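Below: the structure, in structure tokens.
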Amino acid sequence: MSSSTKAEPQEVEKEGAWRSLEAGAFRRALLEWFDAHQRQLPWRGIDDPYAVWVSEVMLQQTRVATVIDYFERWMKRFANVENLAEAPVEEVLELWSGLGYYRRARHLHQAAKKVVSEYGGQLPRRASELKKLPGVGPYTAGAVASIAFGEVEPVVDGNVMRVATRLEAIEGDPRKGEVKRRIWELAARWVDPQRPGDFNQAMMELGSQVCTVRAPRCGSCAVRQWCRAKKEGDPERYPSGTAKKSPQPMRGRCCVVYCQDEEGSRSFLLRRRREDGLLGGLWGFPGCEKIGQRWPTVDELAQQLQEPLGETSPEDMERSMGTVTHIFSHRRLKMRVHQLRVRSRQSPPGERWRWVGAKELDQVASSALLGKIHQHWQDS
DNA sequence: AATTCGGGGAT
DNA sequence: ATCCCAGAATT
């Protein structure tokens, strides 16, 4: 097949050949589209590596729309890295409440302390150095290095995986093994040496706005002429082999222990969860969960309430007020909710128990599960 | 290489 | 209901 028979010289050719020949045209097309169509986001156009870092950590496995409010509140409260380093972890977790993956907040906090103590308050600019910070992996290191410091580093996130597997018609799960390694290699070759940060953001923006999981808008894609998947006719086929496991069932039982004063305002007894494991270190209603189909017994629940309340018989807790369902990515929790009214707020022992007024319930470090249970309890 | 970590929006 | 999102750390 001679090249003279080609109607369009820019059509997809041999494996990877166009990349060296037309990398410039590809980058120009993508960046031109990005310059015209990028969304205005709170962390864009700010010349502050700390802000870029915070946004990238919040954006790990989390949608842009969800992050925006959290980011703005965070930057108002922890305006710079020293500010964050000095804050108590309790307050850090409080601002993170509801965002999920709470280890991110702990790592960000630890990393801020490290930046202050070991880097003089200046975030390192090299990806290899950034990666030494807790909570900073290959993606975040590349993102901060390229966006905040202009280092020529690639990024590969879920968007880039999708765009790349389609551009190159790559088979297999891009999240693992050889396929993953190959995509990082491609991303490194593609990144624009002049505008690495914008290029990386453009790839991700393209993935989220045009090259979407379902119903990609190939008709308005700036780089469609380089796309093998489009040429094949079924871009939605990529990425392939990405089946997920369904969440394990889990059963729980908890108790809303409350106290009501003369004016009728309520307060609730909360327990802090152990540091490791699910929702580690967060506050919630006392209770227990087990993997499997069997419900924890009321006895187990009563036993747990013994520490703050003394002896409580199972009969003290009125019959279950129904069930709250909460879905984590890997677990599906059905939680039976009980209630127990006590006469006085007995002083809670130790650091793992506290009383919280109804109005302050949204100001504690907690997960969305607490709010869901409280809501369910109010409605019953 | 597989698992464990949240939560929610889109379909 | 299912998928997956600007992933990282641990086992």
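Each residue of the first sequence is one higher than the one before, starting from -13 at the first, in our numbering.
We put the CB at the ideal spot given by N, CA and C, even for glycine.
The structure displayed is predicted, hence computed values, not measured ones.
query: Do Ala127 and Ala113 count as a contact pair if the criterion is CB distance below 8 Å?; result: yes
query: When you compare each of Val142, Glu77, Glu286, Leu192 to Glu171 by their alpha carbons, which one comes out closest?; result: Val142
query: Rounding to the nearest angstrom, what Cα-Cα distance links Arg247 and Cys274 in this structure?; result: The sequence shown places Asp at residue 247, rather than the Arg named in the question. Straight-line Cα distance between these residues: approximately 28 Å.
query: Give the single residue among Gln234, Asp220, Ala354 whose Cα lies nearest to the Cα of Pro202.; result: Asp220
query: Given that a residue counts as buried once 16 or more other Cβ atoms are within 10 Å of its Cβ, and exposed if not, what is Asp184?; result: buried
query: Spatial neighbours of Gly266 within its chain, please: C-beta separation below 8 Å, excluding the five flanking residues on both sides.; result: Tyr88, Arg89, Arg259, Arg260
query: Does the beta-carbon of Asp178 have 16 or more other beta-carbons within 10 angstroms, so that it is buried, or is it exposed?; result: buried
query: On a Cα-Cα basis, can you pick out the residue from Gly107, Ile54, Gln47, Leu45 that is closest to Glu72?; result: Gly107
query: Leaving out five residues before and five after Ser315 in sequence, what residues of the same chain have Cβ atoms less than 8 Å from its Cβ?; result: Pro233
query: Which word fits Ser148, buried or exposed, when buried means at least 16 other C-beta atoms lie within 10 angstroms of its C-beta?; result: One detail in the question is off: residue 148 reads as Arg in this sequence, not Ser. Arg148 is buried by the Cβ-count criterion.
query: Name the two residues that bound the continuous alpha helix (DSSP H) containing His324.; result: Where His324 is concerned, there is no enclosing alpha helix (DSSP H), although the beta strand (DSSP E) it sits in stretches over 317 to 328.
query: Report the rounded CA-to-CA distance for Gln279 versus His312, giving the unit in angstroms.; result: 15 Å
query: Using the three-state DSSP reduction, which class does Cys213 fall into: helix, strand or coil?; result: coil
query: Put Met147 into one of helix, strand or coil per three-state DSSP.; result: helix
query: Return helix, strand or coil for Ile277, following the three-state DSSP convention.; result: strand
query: How big is the Cα-Cα spacing for Ala129 and Val209?; result: 22 Å
query: Report, in whole angstroms, the separation of the C-beta atoms of Gln292 and Thr283, which I expect to be a contact under 8 Å.; result: Going by Cβ atoms, the distance from Gln292 to Thr283 rounds to 14 Å, so no, they are not a contact pair.
query: Which two residues bound the contiguous alpha helix (DSSP H) that contains Trp176?; result: 163 to 176
query: Can you list, in chain order, the residues of its chain whose CB lies under 8 Å from that of Arg161, leaving out five sequence neighbours each side?; result: Met147, Thr228
query: Between Met307, Gly86, Leu109, which lies nearest to Ala37 when the distance is taken from Cα to Cα?; result: Leu109
query: Would Lys(-8) be called buried (16 or more neighbouring beta carbons within 10 Å of its own) or exposed?; result: A caution first: Lys(-8) carries a pLDDT of 35, below 50, which makes its placement in the model too unreliable to give a value.
query: Quick check on Ser132: does DSSP put it in helix, strand or coil?; result: helix
query: Helix, strand or coil: which one does DSSP assign to Pro140?; result: coil
query: State the Cα-Cα distance for the pair Val(-2) and Cys213, rounded to the nearest angstrom.; result: Residue placement at Val(-2) cannot be trusted, given a pLDDT of 46 that sits under 50; what the coordinates show is reported in the next sentence. The alpha-carbon atoms of Val(-2) and Cys213 are separated by roughly 7 Å.
query: Quick one: what does DSSP say Val310 is sitting in, helix, strand or coil?; result: strand
query: Can you look up Cys204 in the DSSP assignment and give me helix, strand or coil?; result: helix
query: Start and end of the beta strand (DSSP E) containing Pro235?; result: 234 to 246
query: For the putative contact between Leu255 and Pro272, defined by C-beta atoms under 8 Å, what is the C-beta separation to the nearest angstrom?; result: 7 Å
query: Which value, in whole angstroms, describes the spacing of the CA atoms of Ser353 and Trp82?; result: 9 Å
query: At the level of alpha carbons, what is the spacing between Ala3 and Arg152?; result: Because the pLDDT of Ala3 is 47, which lies under 50, any placement of that residue in the model is unreliable, and the number read from its coordinates should be weighed accordingly. Distance between the alpha carbons of Ala3 and Arg152: 16 Å.
query: For the beta strand (DSSP E) containing Ser103, list its first residue and its last residue.; result: Element bounds for Ser103: not the beta strand (DSSP E) but the alpha helix (DSSP H), 89 to 104.
query: Evaluate Gln187 with the Cβ neighbour count: other Cβ atoms within 10 Å of its Cβ, from every protein chain shown; 16 or more gives buried, anything less gives exposed.; result: buried
query: Can you tell me the Cα-Cα spacing of Met189 and Leu17, whole angstroms?; result: 9 Å
query: Which runs of the alpha helix (DSSP H) at least 4 residues long sit entirely within the region 33 to 60? Give them in chain order.; result: 35 to 44
query: Would Arg327 be called buried (16 or more neighbouring beta carbons within 10 Å of its own) or exposed?; result: exposed
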